[in-house]
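Visitor: Position one of the sequence shown corresponds to residue 2 (our numbering), numbered consecutively onward.
Quick reminder that beta carbons are idealized off the backbone N, C-alpha and C, glycines included.
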Amino acid sequence: MLRLLEKYFQGVDPDELLTAVGLVSTSEAEVSLNDGSPAPRRRQSTTMRLIRDSALAQQIKDVHGHHCQICGVRLRLPNGSYAEGAHIRPVGQPHNGPDEPGNILCLCPNDHILFDRGALTLTDDLQAFDEVTGQVKGDLRLAPQHMISITHVAYHRETARQAAQPTH
Ligand SMILES: [Zn+2]
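#1: Are the region 111-127 and the region 148-166 touching by the rule of at least three beta carbon pairs closer than 8 Å?
#2: Grab the span of the beta strand (DSSP E) containing residue 63 for me, first residue to last.
#3: Does the beta carbon of residue 132 come closer than 8 Å to any beta carbon on chain B?
#4: In chain order, what residues of the same chain have a beta carbon less than 7 Å from the beta carbon of residue 116, not counting five sequence neighbours either side?
#5: Taking the beta carbon of residue 166 as the centre, do at least 16 other beta carbons fall within 10 Å, making it buried, or is it exposed?
#6: Please report the distance separating the alpha-carbon of residue 146 from that of residue 56.
#7: I'd like the list of long-range same chain contacts for residue 2, defined as Cβ closer than 7 Å, with 5 residues on each side in sequence excluded.
#8: At a cut-off of 7 Å, would you count residue 69 as near ligand 1, judging by its Cβ distance to the nearest heavy atom?
#9: Where does residue 166 sit, in a helix, a strand or coil, going by DSSP?
Have a look at this one:
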């Protein structure tokens with residue numbers, strides 16, 4: 002199975018793929034671990050990376066005091082606080098969202114991944130919406146100097162819901 006994955010589905014998360022095609026049991030008691038490797042192999046690769054404005058992301062995090070705009074948490078590290086700048090409309094292809102304040106949120110890592118994977122969306126009146134439970138989680142935390150683009154919010158929500166549709 003792994004060989005098949007390596008041959009035909011390079012770059013695809015194997016767990017996600019196997020789950021998507023129903024080959025992985027969701028019962029945790031049945032999960033067994035392979036041996037892993039004491040010395041993981043390395044592979045050299047060349048990638049195209051977008052150059053993002055990290056100064057802008059830092060400003061947005063500062064505006065919100067590193068509090069997550071969805072859940073309000075602020076992670077404290079020994080040398081300060083931690084939050085992530087999250088693009089609403091993804092900047093990569095095929096979405097090509099802008100690296101502008103209205104398209105960036107300050108989020109905790111958990112809410113960032115949930116938002117990126119479409120488990121969390123925003124309503125047009127800027128409430129966080131849980132796409133898994135179908136319930137509103139609460140109001141997005143806002144700052145007067147940081148306006149959020151409703152256009153990008155709607156784009157993100159529609160893209161998330163399209164991706165959640167069964168493909169067959
Ligand atoms: Zn959060």
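Guide: In this structure, then:
#1: yes
#2: Taking the first residue of the sequence shown as 1, we reach residue 63 at position 62. Looking at the DSSP string, residue 63 is not in any beta strand (DSSP E); the run it does join, the alpha helix (DSSP H), is 55-64.
#3: The chain labelled as chain B is not found in the depicted structure, where only one protein chain is given.
#4: Stepping through the sequence shown from its first residue, residue 116 is reached at position 115. Excluding sequence neighbours, residue 116 sits near 87, 108.
#5: Residue numbering aside, residue 166 sits at position 165 when the sequence shown is read from its first letter. When all chains shown are included, residue 166 counts as exposed.
#6: To locate residue 146, count along the sequence shown from 1; it is residue 145. To locate residue 56, count along the sequence shown from 1; it is residue 55. Residue 146 and residue 56: Cα-Cα distance of roughly 16 Å.
#7: Along the sequence shown, one-based indexing puts residue 2 at 1. Low per-residue confidence applies at residue 2: pLDDT is 46, beneath 50, and the placement is therefore not dependable, though the value from the model is reported in the following sentence. There are no such residues.
#8: Your numbering for residue 69 matches position 68 in the sequence shown. Yes, ligand 1 has a heavy atom inside 7 Å of this Cβ.
#9: Residue numbering aside, residue 166 sits at position 165 when the sequence shown is read from its first letter. Correct three-state label for residue 166: coil.
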